[in-house]
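Novice: As numbered in our numbering, residues 4 to 471 make up the sequence shown, in order. For each residue, glycine too, the CB sits at the ideal point set by N, CA and C.
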Amino acid sequence: MSTAPQIPLTAPLAKVLRLHGEPFADLLQNTEFAPGEPVHGFAVDLEVPENVRDMVDHIIQLGDIYNPLASFEERESQIDAIEVGFKSIIRDGAMQFDDETFAIFDRHFAIEVLSTLSSAMKRLPDFDAVMASADPAAVLSEYSESIQWQLHVCGFLQRFSSHAEDRGEVGKIMAENFFHDAFGYYCDLRDTPGYFARNIDRLNSVDETRALKFRLEEGRAFVTRILDGNLAIARDKFEAVPFDLAEEISPAVLAIAARFGLALKQNGVEVYEGSNATITWTHDHAGKCYGNAASMALVVYNLIKNPVKGARMSCNPLPDVKISTGYSSDGRCTSILIRDEGLGFSLDELRKKFTGAALEKLNSGQPLSFIEECLVDEAMQEHIPFKAYADLVCNRGASTGSGTGIGLHLARSIIEEGHQGAIRLYNHPESGAAVQILLPLADNSVDKESRKQITRDSLQHQLEYGMR
Ligand SMILES: Nc1ncnc2c1ncn2[C@@H]1O[C@H](COP(=O)(O)OP(=O)(O)OP(=O)(O)O)[C@@H](O)[C@H]1O
Ligand SMILES: [Mg+2]
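1) Please determine whether the Cβ atom of Lys308 lies at a distance below 8 Å from any heavy atom of ligand 2.
2) What would DSSP say about Leu428, mapped onto helix, strand or coil?
3) Use the C-beta contact count for Pro370: other C-beta atoms within 10 angstroms, 16 or more gives buried, fewer gives exposed.
4) I'd like to confirm something about His412: is its beta-carbon nearer than 8 Å to some heavy atom of ligand 1, or not?
5) Which stretch, first to last residue, makes up the alpha helix (DSSP H) that contains Lys356?
6) Based on the DSSP secondary-structure assignment, which residues constitute the bridge partners of Val244?
7) In three-state terms, what does DSSP make of Glu273?
8) For Leu267 and Thr328, what's the separation of their Cα atoms in angstroms?
9) Checking 9 Å against the spacing of the C-beta atoms, do Gly421 and Thr458 come in under that value?
10) Evaluate the contact criterion for the stretch 341-358 versus the stretch 445-453: three or more CB pairs, one atom per stretch, below 8 Å.
11) Look at Leu230 and Leu306 and say whether their C-beta atoms are less than 9 Å apart.
12) Does the Cβ of Asp343 lie closer than 8 Å to at least one heavy atom of ligand 1?
13) Where does the unbroken beta strand (DSSP E) through His286 begin, and where does it stop?
14) Please report the Cβ distance between Phe181 and Leu160, rounded to the nearest whole angstrom; I am assuming they are in contact, meaning their Cβ atoms lie under 8 Å.
15) With distances taken between CB atoms, is the gap from Ile426 to Ile440 smaller than 9 Å?
16) Am I right that Arg228 and Ala300 are in contact with their C-beta atoms under 8 Å? What's the rounded C-beta distance?
17) Once DSSP output is grouped into helix, strand and coil, what is the label at Tyr69?
18) Strictly by DSSP, which residues pair up with Asp394?
19) Within this structure, are the beta carbons of Ser278 and Gly264 separated by less than 9 Å?
20) So Leu441 is in the beta strand (DSSP E); what residue range does that whole segment cover?
21) Applying the criterion that 16 or more other CB atoms from any shown protein chain within 10 Å of the CB defines a buried residue, is Leu466 buried or exposed?
22) Where does the unbroken beta strand (DSSP E) through Tyr339 begin, and where does it stop?
23) DSSP three-state call for Thr328: helix, strand or coil?
24) Given His412, which residues of its chain have a CB within under 8 Å of its CB, disregarding the five upstream and five downstream residues?
25) How far does the alpha helix (DSSP H) with Glu172 in it extend, from its first residue to its last?
26) Give the DSSP-derived three-state secondary structure of Gln215 in the structure shown.
27) Cutting at 7 Å between CB atoms, please list the residues of its own chain near Ala141, excluding the five before and the five after it.
28) Would Ile150 pass as a contact of Arg193 if the rule is Cβ separation under 9 Å?
29) If you follow the alpha helix (DSSP H) that Ile229 is part of, which residue opens it and which one closes it?
30) Does the beta-carbon distance from Glu221 to Ala261 come in below 9 Å?
31) Give the DSSP-derived three-state secondary structure of Leu346 in the structure shown.
32) With contact counted as at least three CB pairs below 8 Å, one residue from each stretch, are the stretch 243-257 and the stretch 206-226 in contact?
33) Just how far apart, CA to CA, sit Tyr330 and Asn54?
34) Any heavy atom of ligand 1 within a distance shorter than 8 Å of the CB on Ala401?
35) When the Cα atoms are used, what is the spatial distance from Phe246 to Ser298?
36) Determine the DSSP secondary structure at Leu31, reduced to helix, strand or coil.
Next up, the structure:
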C-alpha cells in the first residue's frame, strides 16, 4: 500500500491550508456572519440638556437669515452672516463642552438637521396640488425657495465637519452620507420647479409636464427616504416595523433608472423607458417586510448604482441589472438579490488597493491582521479567497475608483448592525457581480439575538439547498 507523499508544512503552505480549510472562518473577523453591536455605541434615547437643545435650535434658525427674494449683494451678506453665526456657536459654544456633552450635542444636532429637512420635505405640495392651485407658477416658485432654504440647513452639517476638528463623528458621517446620496437630487428638486415657475407655459407640453411630475413625485419620495434612512442611522433606531418592500424601494430603483437612462421592467411590465440598459425587477414577496423602510431605499440605491457607475467610469456600455425581491430559501427572511452584468468585483484592483494599505501599516510599524499579512506576501496573494475581499470591500473608504467608498459600508451597517440581517457579495465566474441581502421576517417583539439566529439559519439553509 502506497502512502501519501510527505509534504513539508512550510509557513506559506500552512497559511494556504488555513485559508482553505476549516480554521479559516475563525481567522477573518466578520467574514463569517457575525453582526456586532453598532460601531458607534449610540445611545438610543438621548437625554438632551436644555443648553444643548437651545444651541441647536439657534443653529437651525440661522437658516431663516437667507431671503431668496433679496438682491444678489444682500444674499451674499446673508450667507456671510450665517457662516459667522454658525462658526461662533460651534467654536465659542459647542467646542467648549466636555466630551460627553459634545457627543450629545453632535448627535442631537445631526438628528435635528435631518428631521427639520424631512418634515419640510413632507410639507411640500404634491404634483396634483401644484397643478390644481390658482397660481402654479407662484406655488412652484415657493417650492424651489423652500428647497433652497433646506439646502442652507443641510449646509450646517457640512460646515460642522470643517469646524468640529476631530470631534463630532455623527454630524460628520451624516454630512458625508447626505452629500453621497441626496445632494444632486435636492438640487434637481430646487431647479426643476424653479425653471417651470419662470417658464410656466412649458407645462403645455406633455413631456415637460411628465418631467415635472416625476421630480415632484418620485424625486421627492426618494429624497425623503434618504433623509429618513439617515435619520434612523443618526438615532440608531432601526425598529422592525412592517412595510411593503416594493413600495419602499421603488423610488430608489426609479432614481437610478432616470439618472442613467435605464429602462425599468417590473414583473414583465415596462414602468420606465430608457435605452442605455435594462433593470429587470422580479418581485415575488406577498407580505410585509420588517425593518426601517426608508433605509432600505438607501441600501438598494447604492447597490444598483455600483455596477452602473463602475461601467460609466471605465467607459464601458452600461450593464443590465436584475433585481429579485422575495424570500430566502427557508422562507424566514426577505431576500433582495441585485445581480449585474457588469465587470464584477475586480480582484486585481482590490488586491492593489488593500495591499497598498497593508504596506503602509507595515511600514509604520502597526500590527497586521492575518489577511493583511497575506496581502504583503506576494506568494500568498492569489490564494486569498474572494470572501476575504468581500469583507474588506465593505469597510468605509474601500473604493477602488474615484468614489468615496461609502455605498457598501452604509449597506452593511444598515443591514447587519441595524437589522441583524446579512449582506453577501458574489462574483459570477463569467461576468458580473451580485449582492444579496437577507432581512429576518420578525417584528419588534423578537429580540436581537433571535433575529440574528433567523438570519444565520437562513444562510445555512441557503448553503445547503441553494438560493430560491
Ligand atoms: N457591482 C459591482 N461590480 C463591481 N465592483 C463593485 C460592485 N460594487 C462595488 N464594487 C467595488 O467595490 C468598491 C466599493 O464600493 P462602494 O459602493 O462602497 O464604493 P464606491 O462605489 O467606490 O464609491 P461610492 O459608493 O462612494 O460612490 C467599488 O469601488 C468597486 O471597486
Ligand atoms: Mg458605491
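Specialist: Put simply:
1) Here residue 308 corresponds to residue number 305 of the sequence shown, with the count starting at 1. Yes, since a heavy atom of ligand 2 falls inside the 8 Å radius drawn around the Cβ of Lys308.
2) Stepping through the sequence shown from its first residue, residue 428 is reached at position 425. The DSSP-derived three-state label of Leu428 is strand.
3) Counting from one through the sequence shown, the residue named residue 370 turns up at place 367. Exposed is the call here.
4) Your numbering for residue 412 matches position 409 in the sequence shown. Yes, ligand 1 has a heavy atom inside 8 Å of this Cβ.
5) Along the sequence shown, read from residue 1 onward, the residue named residue 356 stands at position 353. The continuous alpha helix (DSSP H) containing Lys356 extends over residues 350-366.
6) As a first step, residue 244 must be located in the sequence shown, where it is residue number 241. Answer is Gly294, bridged to Val244.
7) Against the sequence shown, residue 273 aligns to sequence position 270. In the structure shown, the three-state DSSP call for Glu273 is strand.
8) Stepping through the sequence shown from its first residue, residue 267 is reached at position 264. Stepping through the sequence shown from its first residue, residue 328 is reached at position 325. So the alpha carbons of these two residues sit roughly 15 Å apart.
9) In the sequence shown, counting from the first residue as 1, residue 421 sits at position 418. In the sequence shown, counting from the first residue as 1, residue 458 sits at position 455. In terms of Cβ geometry, Gly421 and Thr458 do not form a close pair [threshold 9 Å].
10) The stretch 341-358, when compared against the stretch 445-453, does not touch it at the 8 Å Cβ threshold.
11) For the purposes of this step, residue 230 is identified with residue 227 of the sequence shown, where counting begins at 1. For the purposes of this step, residue 306 is identified with residue 303 of the sequence shown, where counting begins at 1. Not in contact: Leu230 and Leu306 (Cβ atoms no closer than 9 Å).
12) As a working note, residue 343 is residue 340 in the sequence shown. Judged by the Cβ position, Asp343 qualifies as a neighbour of ligand 1 at the 8 Å threshold, a heavy atom of the ligand being closer than this.
13) Locating residue 286 in the sequence shown gives position 283, counting from the first residue. Following the DSSP letters along the chain, one finds His286 inside the beta strand (DSSP E) bounded by residues 281-286.
14) Numbered from 1 along the sequence shown, position 178 holds the residue referred to as residue 181. Numbered from 1 along the sequence shown, position 157 holds the residue referred to as residue 160. Yes, Phe181 and Leu160 are in contact; Cβ-Cβ is about 6 Å, under 8 Å.
15) Numbered from its first residue, the sequence shown carries residue 426 at position 423. Numbered from its first residue, the sequence shown carries residue 440 at position 437. Result yes, Cβ atoms of Ile426 and Ile440 sit closer than 9 Å.
16) One-based indexing of the sequence shown puts residue 228 at position 225. One-based indexing of the sequence shown puts residue 300 at position 297. Sure, about 4 Å apart at Cβ, within 8 Å.
17) Taking the first residue of the sequence shown as 1, we reach residue 69 at position 66. In the three-state DSSP reduction, Tyr69 falls in the coil class, being neither helix nor strand.
18) Position 391 of the sequence shown, counted from the first residue, corresponds to residue 394. Note: Asp394 sits in no beta bridge, so no partner.
19) Taking the sequence shown and counting its residues from 1, one reaches residue 278 at position 275. Taking the sequence shown and counting its residues from 1, one reaches residue 264 at position 261. By the CB criterion at 9 Å, Ser278 and Gly264 fall inside the cutoff.
20) Sequence index remark: in the sequence shown, residue 441 carries index 438 (1-based). First-last of the beta strand (DSSP E) with Leu441: 436-443.
21) Position 463 of the sequence shown, counted from the first residue, corresponds to residue 466. Exposed, since its Cβ has fewer than 16 Cβ neighbours within 10 Å.
22) Here residue 339 refers to the residue found at position 336 of the sequence shown. According to the sequence shown, residue 339 is Ile rather than Tyr. Residues 336-343.
23) Taking the sequence shown and counting its residues from 1, one reaches residue 328 at position 325. Thr328: strand per DSSP, three-state reduction.
24) Reading the sequence shown from its first residue, position 409 is the one you call residue 412. The answer, listed in chain order, is Cys397, Asn398, Arg399, Gly400, Ala401.
25) Counting from one through the sequence shown, the residue named residue 172 turns up at place 169. Per DSSP, the unbroken alpha helix (DSSP H) holding Glu172 starts and ends at 172-184.
26) Position 212 of the sequence shown, counting from 1, holds the residue named residue 215. Inspection of the sequence shows that residue 215 is occupied by Leu rather than by Gln. Note: Leu215 maps to helix in three-state DSSP.
27) In the sequence shown, residue 141 corresponds to position 138, counting from 1. Excluding five sequence positions before and after Ala141, none of the CB atoms of its chain fall closer than 7 Å to its own CB.
28) In the sequence shown, residue 150 corresponds to position 147, counting from 1. In the sequence shown, residue 193 corresponds to position 190, counting from 1. For the 9 Å CB-CB criterion, Ile150 and Arg193 form a contact.
29) For the purposes of this step, residue 229 is taken as the residue at position 226 of the sequence shown. In this chain, the alpha helix (DSSP H) harbouring Ile229 covers 223-238.
30) Translated into the one-based positions of the sequence shown, residue 221 becomes position 218. Translated into the one-based positions of the sequence shown, residue 261 becomes position 258. In this structure, Ala261 lies closer than 9 Å to Glu221 by Cβ.
31) Against the sequence shown, residue 346 aligns to sequence position 343. Three-state DSSP puts Leu346 in coil, outside helix and strand.
32) Between the stretch 243-257 and the stretch 206-226, the count of Cβ pairs shorter than 8 Å is three or higher; the stretches touch.
33) The count along the sequence shown starts at 1 and reaches residue 330 at position 327. The count along the sequence shown starts at 1 and reaches residue 54 at position 51. Straight-line Cα distance between these residues: approximately 48 Å.
34) Walking along the sequence shown from the start, residue 401 turns up at place 398. Result yes, Cβ under 8 Å from ligand 1.
35) Numbered from its first residue, the sequence shown carries residue 246 at position 243. Numbered from its first residue, the sequence shown carries residue 298 at position 295. Taking the straight line from one Cα to the other gives about 12 Å.
36) Within the sequence shown, residue 31 is the residue found at index 28, counting from 1. Any reading at Leu31 must be qualified, since the residue scores a pLDDT of 33, below 50, and its modelled position is unreliable; the value itself is stated next. In the structure shown, Leu31 falls within a coil segment according to DSSP collapsed to helix, strand and coil.
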